[in-house]
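For reference, the structure discussed in these notes is given below.
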Amino acid sequence: MTTSSAPGKIILFGEHAVVYGRPALAVPVTQVRATATVSKNSRGGIWVEAPNVNLSSELSRLAPDHPLAAAINSVFPALGISRPPACTVYIQSTIPVAAGLGSSAAVSVAVIRALSEFLGQPLPDERVSALAYEAEKLHHGTPSGIDNTVITYARPVYFAKGRPLQTFRLGAPFTIVIGDTGISALTKESVGDLKKLWAADQPRWEKVFDRVGEIVWRARQAIERGDIPSLGKLMDANHALLQEMTVSSRELDRLVEAGRRAGALGAKMSGGGRGGNMIALVEKENAPAVAEALKSAGVGRTIVTQVG
Ligand code: PMV
1 MTTSSAPGKI ILFGEHAVVY GRPALAVPVT QVRATATVSK NSRGGIWVEA
51 PNVNLSSELS RLAPDHPLAA AINSVFPALG ISRPPACTVY IQSTIPVAAG
101 LGSSAAVSVA VIRALSEFLG QPLPDERVSA LAYEAEKLHH GTPSGIDNTV
151 ITYARPVYFA KGRPLQTFRL GAPFTIVIGD TGISALTKES VGDLKKLWAA
201 DQPRWEKVFD RVGEIVWRAR QAIERGDIPS LGKLMDANHA LLQEMTVSSR
251 ELDRLVEAGR RAGALGAKMS GGGRGGNMIA LVEKENAPAV AEALKSAGVG
301 RTIVTQVG
C-alpha cells in the first residue's frame with residue numbers, strides 16, 4: 001500500500017494575467033490536503049473510491065475525460081506499463097472544491113505520486129507536475145500551470161508559463177487569512193469570459209496584464225525585503241485590476257472590504273474569482289480579529305496560514 005498527500009494553495013498575486021504569460025506568486029496551504037492511497041485488491045480491475053465526491057467506480061467505467069481517470073490513466077504509459085495490476089485508488093481531501101484552493105491539482109498530484117510509488121517507479125517532481133498539468137486542462141481548459149507547480153513542489157513559487165520554476169527568499173514570515181465565500185465558481189468560466197474581453201480589445205487588456213505583471217514583480221521584491229506593509233498595498237492594487245477584469249464579484253468585494261476595515265494590511269480575491277476565496281494580509285496578532293470580521297460578514301470558513 002502506498003500513500004501520498006499534497007497541500008492546497010493560494011495565489012497571492014497575478015491570477016488571470018498569468019494565463020497571458022505574466023508572472024504570478026503562489027504559496028502552499030498545508031492546513032488542507034488531498035491524500036491518495038493505492039492498495040492491492042482481490043476483486044480485480046482498478047477501482048477509484050472518492051467518498052468526498054460520492055465516487056465509487058471501476059476506472060474503466062469513468063469517462064476518459066474525467067479528470068481523475070485522466071490522472072490515473074496518465075501514470076501507466078509514463079511508466080511503460082501496459083497491463084497495470086488490480087488495485088484500488090482511494091482519495092480523500094479536506095480542500096474545498098471549486099474554491100480557488102487547488103483541490104483538483106492536489107488530488108492529481110497525490111494520485112500520480114501514490115500510484116507511481118505503488119507501481120515501484122516513483123516519478124520525479126517534474127514529471128508529477130507535468131502529468132498533473134495534463135489533468136488540469138480537463139478542469140480549466142487553458143490552465144497556466146501554476147496550481148500543479150506550487151502544489152507539486154509545496155513551496156512558494158514565482159511562476160511564469162513556460163519558464164523554469166523560480167522559488168524566492170522570504171525576508172520575513174507573514175500571515176494570511178483566507179476567507180471562503182462558500183460560492184463555488186468554475187475557473188474555466190471566469191477564464192473564458194476574460195478571454196472574450198481580451199479577444200475584443202487586446203491592446204487594452206495587454207496593458208492591464210502588464211500592470212499586474214509589475215505588481216507581481218514588486219510584490220516579490222517586497223517579500224524578499226520583508227516589507228509587509230508594501231505587500232498589503234500591492235494586494236489592494238491587484239484586487240482593483242481583477243475587478244476591472246470582471247472576475248471579482250459583489251460578495252468577494254464586500255469581504256475584501258470587511259477585511260480591510262478590520263485592520264488587514266491589504267486584501268484581494270484569490271484564484272479564478274466570482275466565488276471561491278479571498279485573502280487578507282494581516283499582522284499575526286490581528287489574525288483572529290480579521291477572521292472574526294470576515295465571519296460576521298458572511299464567510300463560512302476561514303483559514304489562517306503563516307507563509308515562511
Ligand atoms: O481558481 P484557481 O485557484 O485554480 O486559480 C486559477 C488561476 C487562474 O490564473 C485564473 C487560471 C490559471 O490557470 O492560472
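Once you know that position 287 of the sequence shown is 287 in my numbering, the rest is easy, because the numbers rise by one and skip nothing.
Ideal Cβ placement from N, Cα and C applies to all residues, glycine included.
This one's a predicted model, so the numbers in the text were calculated from it and none came from an experiment.
Collapsing the DSSP output to three states places S144 in coil. Around the beta-carbon of E285, fewer than 16 other beta-carbon atoms lie within 10 Å, marking it exposed. Annotated as distal: A297 and G263, with beta-carbon spacing of 9 Å or more. DSSP places V307 in the strand class (E or B) of the three-state scheme.
S93 has A34 as its beta-bridge partners, per DSSP. In the structure shown, F76 falls within a helical segment according to DSSP collapsed to helix, strand and coil. CA-to-CA, the gap between Y158 and G271 works out to about 15 Å. Across the structure, T175 and W217 are spaced so that their CA atoms are roughly 20 Å apart. The Cβ neighbour count for E136, taken over all protein chains shown within 10 Å, is at least 16; the residue is labelled buried.
The criterion of a C-beta distance shorter than 9 Å is not satisfied by T152 and G276. Annotation: the continuous alpha helix (DSSP H) that includes T187 extends over T187 to A200.
The beta carbon of A26 is closer than 6 Å to those of K9, I11, I146, V150 and V157 in its chain, skipping five residues each way along the sequence. For S296, the enclosing alpha helix (DSSP H) has its first and last residue at A287 to S296.
For V247, the CB falls within less than 8 Å of some heavy atom of ligand 1.
Within the region 100-182, the runs of beta strand (DSSP E) at least 3 residues long that lie entirely inside it are, in chain order, 157-159 and 174-180. Rounded to the nearest whole angstrom, the CA to CA distance from Y90 to K195 is 36 Å.
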